[in-house]
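Chemist: Handing you this structure, nothing more for now.
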Amino acid sequence: MLQYLLAPLLVAYTLVMLALTAYVLNLFYLMVLSLKNRRGMQAAISPVLEVLPVVTVQLPIFNEWYVAERLLDACAALDYPRDRLEIQVLDDSTDETKTLIARKVNELCLQGINIVHLHRQNREGFKAGALANGLALAHGEFVAIFDADFLPQKNFLLQMLPRFEQNVAFVQARWGHLNRDYSLLTLLQSFSLDAHFAIDQLARSNTGYVFNFNGTAGVWRKSAILDAGGWHAGYPH
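Okay, structure coming up:
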């Protein structure tokens, strides 16, 4: 009787170990590729753009009371010509966050920042729906996307836009950490994310493999999103 009970456990254990082995081998392969190509990537320095394009910054937010205002201040402080920068606050909040955002947007507008508050009464499509709703009104040739818990550096756009060569659809930025040393958990999480960017994405981007957009802290060519059919269920489809 015991052998019949152990058989399924043994099969499940074997399958799990095989999956873990495949994952580790794939990670090791990508690590070798990233080390091999790191020097060439570091040497690639993009020129400074002579003519800066119009950029739309999209900020999808949902009930982010504690970080929403901080994000808006950071985007308003981006080092980019104000007449070529548009900020969309894509607010799906159902709590008092929407009031906080409305007040902050009005304050920034009085400072001459081109920023709009787009609040939806429903959350159809969730983040993808919010991005699609804003994209229909966006004037920028390029679209930068930041989640509520991100803080772009002032020179973010000036560093990213020169990377757009003729056939580049989007450029993904590396994520930093504001609370790496807060606890053991945040430290381990930072190690995981750093490995993702330093190994997985570095290898994929420099060897022609499929490279995914992480959903935030990146810049898209607007025409590439439209050519792909727009935003559907959280990704271009």
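In terms of my numbering, the sequence shown has 170 at position 169, counting the first letter as 1, and numbering is strictly consecutive. Even glycine gets a Cβ: it sits at the ideal position worked out from N, Cα and C. Just so it is clear, the structure is predicted and the values come from calculations on it, not from any experiment.
So, under 8 Å CB-CB, K223 and E125 are touching, yes? Tell me the CB distance rounded to an integer number of Å.
Modeler: Locating residue 223 in the sequence shown gives position 222, where the first residue counts as 1. Locating residue 125 in the sequence shown gives position 124, where the first residue counts as 1. The pair is not a contact, with the Cβ atoms about 22 Å apart (cut-off 8 Å).
Chemist: Can you look up G219 in the DSSP assignment and give me helix, strand or coil?
Modeler: By one-based count along the sequence shown, residue 219 stands at place 218. It is a strand residue.
Chemist: Closest by CA to V49, which one among G216, P163, G209 and F192?
Modeler: The sequence position of residue 49 within the sequence shown is 48, counting from 1. Considering only alpha carbons, the answer is P163.
Chemist: Span of the alpha helix (DSSP H) holding E70?
Modeler: Here residue 70 corresponds to residue number 69 of the sequence shown, with the count starting at 1. From DSSP, the alpha helix (DSSP H) with E70 extends over A69 to A77.
Chemist: So E87 and V58 are in contact, right, with Cβ under 8 Å, and what is the actual spacing, rounded?
Modeler: Stepping through the sequence shown from its first residue, residue 87 is reached at position 86. Stepping through the sequence shown from its first residue, residue 58 is reached at position 57. Rounded, the Cβ-Cβ distance is 7 Å, consistent with contact.
Chemist: Tell me whether N184 is buried or exposed, calling it buried when 16 or more other Cβ atoms sit within 10 Å of its Cβ.
Modeler: Here residue 184 refers to the residue found at position 183 when the sequence shown is read from its first residue. The question names Asn, but residue 184 in the sequence shown is Ser. Exposed, by the Cβ-count rule.
Chemist: From the DSSP output, read off the bridge partner residues of F171.
Modeler: Looking up residue 171 in the sequence shown gives position 170. According to DSSP, F171 bridges with W221.
Chemist: With distances taken Cα to Cα, identify the nearest neighbour of W66 among D150, D195, H178 and I226.
Modeler: The residue labelled residue 66 in the question sits at position 65 within the sequence shown. Closest option to W66, Cα to Cα, is D150.
Chemist: For the region 118 to 205, which segments carrying the beta strand (DSSP E) assignment without a break, of at least 3 residues, lie completely within its bounds, in sequence order?
Modeler: Listed in chain order, they are 143 to 146 and 171 to 173.
Chemist: Would you mind reading off the limits of the alpha helix (DSSP H) that contains E108?
Modeler: Against the sequence shown, residue 108 aligns to sequence position 107. Note, E108: alpha helix (DSSP H), T98 to L111.
Chemist: Which residues in the same chain have their Cβ closer than 6 Å to the Cβ of K105, if we skip the five residues on either side of it in sequence?
Modeler: Along the sequence shown, read from residue 1 onward, the residue named residue 105 stands at position 104. E70 and L73, listed in sequence order.
Chemist: Of the residues L21, H120 and L203, which one's Cα is nearest the Cα of V211?
Modeler: Position 210 of the sequence shown, counted from the start, is the residue given in the question as residue 211. With distances taken between Cα atoms, V211 lies closest to L203.
Chemist: Rounded to the nearest angstrom, what separates H120 and Q89 at their Cα positions?
Modeler: For the purposes of this step, residue 120 is taken as residue 119 along the sequence shown, with counting starting at 1. For the purposes of this step, residue 89 is taken as residue 88 along the sequence shown, with counting starting at 1. Whole-angstrom Cα-Cα distance: 10 Å.
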